[in-house]
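2 protein chains.
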Amino acid sequence: MCQHCDYAQILEAANLNLTTNRLKILEIIGNNRSPLSAKEIYDTLSRNKDINRVTVYRILDLLVKKGIINRLTSGERTFHYGMAPNKNHPAHPHFYCKHCGAIECLNPEALHIEMESLKKTYPGVIENVEIRVDGICKNCLKKSRQ
Amino acid sequence: MCQHCDYAQILEAANLNLTTNRLKILEIIGNNRSPLSAKEIYDTLSRNKDINRVTVYRILDLLVKKGIINRLTSGERTFHYGMAPNKNHPAHPHFYCKHCGAIECLNPEALHIEMESLKKTYPGVIENVEIRVDGICKNCLKKSRQ
DNA sequence: TTTAGTATTGCAACTTTATTGCATTTCTTT
DNA sequence: AAAGAAATGCAATAAAGTTGCAATACTAAA
Ligand SMILES: [Mn+2]
Ligand SMILES: [Mn+2]
Ligand SMILES: [Zn+2]
Ligand SMILES: [Zn+2]
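Line by line, the protein sequences are chains A and P.
Using our numbering, you'd call the opening residue of the first sequence number 1198 and step up by one each time.
Using our numbering, you'd call the opening residue of the second sequence number 1198 and step up by one each time.
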């Protein structure tokens, strides 16, 4: 649950009309403690409101294009969406559990990475870095030991 | 082109029967300068030999399970396969071009990361870290400037 | 307020990538 | 040579996301 983000203002700042769907989706993503799949977002939204899954995909694409949210890869074939790094959400690596599929946000300091030298030497343009740690999460480890 | 790997020996060491398909696929992956998609591997193989694409997927799964190759995520929905880190192939980050979809291997030293402290403090098991840098590659940049 | 234009959404069909079940073939070992 | 195990092929299926187009909702001018 993020106390600091004014989601309506974020949409406005990106020159996007403020629609209920956009705001809801952004809130769902921003208030969740780990990145969500399109299906998870759709299911959450569907509990209260009738919405088409294509609309969800389209809004997600739009928010990604505007740099408001990030599209992250899991170890599976589904994308997950989380807030793009901003004042309230520092960039951070993620952990993907191969066993249960859960994705968790790691501490921003967990794996500090020095980008500056690469940014200077790389002959193209670097826009984003994604760090994903794979393995077995605490919960699955506990279960497997019982 | 990797001069150092004895692919037959790698398969043998993993207790896998040496089949033509396994060896060919491992050679294709090991000798390529960047990770390949299942389709690219299948197409390469198909040029010389009649093979079913399901067989390709199954061999890729097997080699991943044995830790011989790695399954990498691109910025798209396709997995790519490259040699797992070993004596001849140090772990390294990859660059994904959002424009042309190309994936290139970055220098192992390009983004050195300190894993030890996370490995010690993380309550689960860490098996693998994937670092993907996204942006626009040199070629696409050049084209867009013309 | 009407109306025209634009933006958003819904729906059905489609695409891509990968997986599954089961039959067939090939290999290994005795 | 025969039996059993391993590998492969083929057709069907699944999952996730995309596309085209029609319908609805919103916005702003007349
Ligand atoms: Mn996160
Ligand atoms: Mn590589
Ligand atoms: Zn888990
Ligand atoms: Zn490119």
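Every residue, glycine too, gets a C-beta built ideally from N, C-alpha and C.
Please read these numbers as outputs of a predicted model, since none were measured by experiment.
Those residues which DSSP pairs with residue i across a bridge
i, result
"T1270/P", "F1276/P"
"R1302/P", "Looking at the sequence provided, one finds Cys at residue 1302/P rather than Arg. Note: C1302/P sits in a beta bridge opposite H1291/P."
"I1310/A", "I1310/P"
Heavy atom of ligand 3 within 6 Å of residue i beta-carbon
i, result
"A1299/A", "yes"
Any non-hydrogen atom of ligand 4 within 6 Å of residue i CB
i, result
"C1294/P", "yes"
"C1302/P", "no"
"C1334/P", "yes"
"C1337/P", "yes"
Which of helix, strand or coil DSSP assigns to residue i
i, result
"N1212/P", "coil"
"R1230/A", "coil"
"I1265/A", "coil"
"R1329/P", "strand"
"I1323/P", "strand"
"N1245/A", "coil"
"N1283/P", "strand"
"Q1206/A", "helix"
"C1199/A", "coil"
Residue i Cβ short of 6 Å to ligand 1 heavy atom set
i, result
"G1279/A", "yes"
Three or more C-beta pairs under 8 Å: does that hold for the segment 1289 to 1305 of chain P against the segment 1327 to 1335 of chain P? By the Cβ criterion, the segment 1289 to 1305 of chain P is in contact with the segment 1327 to 1335 of chain P, since at least three pairs of Cβ atoms, one from each stretch, lie closer than 8 Å.
Select from the segment 1264 to 1284 of chain A all residues with a C-beta closer than 7 Å to any C-beta belonging to chain P, and list them in chain order. Interface annotation for the segment 1264 to 1284 of chain A against chain P: T1270, R1274, criterion Cβ-Cβ distance under 7 Å.
Tell me whether the segment 1252 to 1269 of chain P and the segment 1203 to 1221 of chain P touch, counting them as touching only if at least three CB pairs, one residue from each stretch, are closer than 8 Å. yes
Does the structure place the segment 1293 to 1309 of chain A close enough to the segment 1255 to 1264 of chain A that three or more beta carbon pairs sit under 8 Å? Contact fails: fewer than three Cβ-Cβ distances are below 8 Å.
Compile a chain-ordered list of the residues in the segment 1317 to 1335 of chain P whose CB is closer than 7 Å to at least one CB of chain A. P1320, G1321, V1322, I1323, E1324, N1325, V1326, E1327, I1328, R1329, V1330, D1331, G1332, I1333, C1334, K1335
Measuring CB atoms only, is the segment 1270 to 1284 of chain A touching the segment 1223 to 1231 of chain A, in the sense that at least three cross pairs come out at less than 8 Å? yes
Counting only Cβ-Cβ distances shorter than 8 Å, please list the residues of the segment 1292 to 1311 of chain A near chain P, keeping chain order. F1292, C1294, K1295, L1303, A1307, L1308, H1309, I1310, E1311
Residues of the segment 1220 to 1234 of chain A whose Cβ lies closer than 7 Å to any Cβ of chain P, in chain order: Residues of the segment 1220 to 1234 of chain A with a C-beta less than 7 Å from any C-beta of chain P: none at all.
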